[in-house]
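**Q** Pasting a structure here, questions to come.
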DNA sequence: CATTTAACAGACAGGTCAGTCTAGAAAGGG
DNA sequence: CCCTTTCTAGACTGACCTGTCTGTTAAATG
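Residue numbers (this note's numbering), protein chains in the order written: chain A, 1 to 192; chain B, 1 to 192.
Take a look at the structure:
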């Protein structure tokens with residue numbers, strides 16, 4: 001046990017890394033268990049001892065993705081102090097994600113379209129709740145009179161930009177979304 | 001041949017109807033050929049004589065969906081003459097779709113997440129091009145100084161509303177998107 | 001050194017899928 | 001009355017999938 005910590009990544013970590021690469025690149029339904037364990041260099045029995053089922057592995061993959069994405073956006077926003085900059089910074093952080101090689105859209109939207117089970121739905125709801133909460137609180141800090149309303153609209157822009165980046169193969173969608181977000185914020189502030 | 005016209009829907013029509021119901025409700029990857037022919041009341045050989053492969057059936061399903069959706073939105077917009085009303089009417093028409101029982105999000109976004117093949121991509125590109133063109137031309141007619149830019153932003157709202165209606169199970173997303181679209185249009189007109 | 005634990009490789013079962021093929025039924029035309 | 005065409009029913013192949021099970025190996029512990 002203690003040796004595992006110094007002997008490199010554990011089986012669980014290798015499985016999650018392999019699942020992340022394969023599931024995100026090719027889809028949770030397309031990629032079979034055999035490909036995951038082959039890339040992880042792990043026996044099939046180890047996967048089932050660790051996660052119990054493919055559904056649970058998918059859930060763990062999405063949860064990890066949620067944590068990594070949230071940490072990344074939070075970290076990006078640290079560079080700004082002004083509430084308005086922080087709100088618009090969400091779309092800049094999105095642009096960084098879009099520009100990465102291997103970007104394939106929102107993992108939660110894709111996974112829920114591929115295999116709409118309870119496990120995936122719960123993970124997706126968690127992620128979407130976090131994004132919505134972030135945008136709503138930023139809208140409030142920026143002075144919007146109805147933060148829930150603006151947060152919801154910004155969330156739509158956020159999702160729409162992600163979809164456009166994937167389906168139109170256009171990473172600059174985040175810049176257009178950022179401009180639209182600025183216009184929506186200004187309109188909300190003017191109506192105050 | 002002539003008898004078929006009076007003897008009810010053809011095998012092709014029944015297959016397309018069954019494909020539309022099953023593929024949209026459960027996903028193109030989840031639903032197998034056997035379920036489609038069973039619902040259509042058609043032999044498997046007839047399907048392969050008519051469409052050649054499942055991929056081609058999926059393509060035909062998406063093309064039909066494109067035509068039906070486009071006709072429906074176009075028809076909805078006929079009630080308005082004012083360019084601004086027509087632009088916002090797109091989101092009202094979307095709201096009608098969201099409110100239907102069995103609404104499950106954008107068929108093209110789901111299909112392309114499920115099976116990202118060339119046939120699906122082409123059908124999705126066609127559909128997205130149509131939506132983008134509609135919103136852009138309506139933005140121009142409404143007086144926006146940069147119709148391409150506004151059309152693109154409205155397209156993101158359109159996609160984001162559809163995603164929210166599906167994943168958040170919230171049909172009222174179209175109303176929020178309509179309000180955001182109005183704000184974006186007003187901002188564009190004010191900057192003129 | 002002995003024992004226990006965990007990971008390994010891989011065969012296997014049970015099911016589903018796309019697509020092909022055979023054979024029979026129905027129906028219109030000469 | 002036969003013939004051609006088209007449809008139907010369904011068996012079948014080969015591939016792939018998830019999940020289980022059987023051994024084997026390696027390492028850590030007492």
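Just so you know, even glycine gets a beta-carbon here, dropped at the ideal spot from N, CA and C.
#1: May I ask you to verify whether the stretch 90-97 of chain A touches the stretch 174-183 of chain A, counting CB pairs closer than 8 Å and requiring at least 3?
#2: Suppose the cutoff is 6 Å on Cβ atoms and the five residues either side in sequence are ignored; what does the same chain contact list for residue 77 (chain A) look like?
#3: Quick one: grab the DSSP three-state call for residue 61 (chain A).
#4: If we call anything under 9 Å between Cβ atoms a contact, is residue 142 (chain B) one with residue 24 (chain B)?
#5: Looking only at its chain, what residues have a beta carbon closer than 7 Å to the beta carbon of residue 153 (chain B), apart from the 5 residues adjacent to it on each side?
#6: If we call anything under 9 Å between Cβ atoms a contact, is residue 137 (chain A) one with residue 145 (chain A)?
#7: Sorted by chain position, which residues of the same chain lie with C-beta nearer than 6 Å to residue 150 (chain A)'s C-beta, five sequence neighbours on each side aside?
#8: Would you decide whether residue 115 (chain B) is buried or exposed? Buried here means 16 or more other CB atoms lie within 10 Å of its CB.
#9: If you measure between the beta carbons of residue 45 (chain A) and residue 19 (chain A), is that distance less than 9 Å?
#10: Return the residue from the list A:64, A:68, A:135, A:36 that minimises the CA-CA distance to residue 53 (chain A).
#11: Using 8 Å as the cut-off, can you tell me whether the stretch 158-170 of chain B makes contact with the stretch 153-165 of chain A, which would need three or more C-beta pairs spanning the two stretches below that distance?
#12: What number of angstroms, rounded off, separates the C-alpha of residue 9 (chain A) from the C-alpha of residue 48 (chain A)?
#13: Given that residue 114 (chain A) touches chain B, what residues does it touch there, using C-beta distances under 8 Å?
#14: If contact means a Cβ-Cβ distance below 8 Å, which residues of the stretch 149-161 of chain A contact chain B?
#15: With a 10 Å radius around its C-beta and 16 neighbouring C-beta atoms as the bar for buried, classify residue 165 (chain A) as buried or exposed.
#16: Is it the case that the Cβ atoms of residue 128 (chain B) and residue 168 (chain A) are separated by a distance below 9 Å?
#17: Given that a residue counts as buried once 16 or more other Cβ atoms are within 10 Å of its Cβ, and exposed if not, what is residue 1 (chain B)?
#18: Which same chain residues end up closer than 6 Å to residue 135 (chain B) when comparing Cβ atoms and leaving out the 5 residues on each side of it in sequence?
#19: With C-beta atoms as the reference, is residue 63 (chain A) less than 9 Å away from residue 123 (chain A)?
#20: Taking 9 Å as the CB-CB limit, is residue 98 (chain B) close to chain A?
#21: Measure from the C-beta of residue 51 (chain A) to each C-beta in chain B and report whether the shortest distance is under 9 Å.
#22: Are the beta-carbon atoms of residue 113 (chain B) and residue 105 (chain A) separated by less than 9 Å?
#23: Roughly how many angstroms separate the alpha carbons of residue 12 (chain A) and residue 61 (chain A), rounded to a whole number?
**A** In short:
#1: yes
#2: 86, 89
#3: helix
#4: no
#5: 184
#6: no
#7: 139, 144, 188
#8: buried
#9: no
#10: A:36
#11: yes
#12: 18 Å
#13: 27, 29, 113, 114
#14: 149, 152, 153, 155, 156, 157, 158, 159, 160, 161
#15: buried
#16: yes
#17: The predicted model places residue 1 (chain B) with a pLDDT of 36, which falls under 50 and marks its position as unreliable; any figure quoted below should be read in that light. When all chains shown are included, residue 1 (chain B) counts as exposed.
#18: 151, 154, 155
#19: yes
#20: no
#21: no
#22: yes
#23: 11 Å
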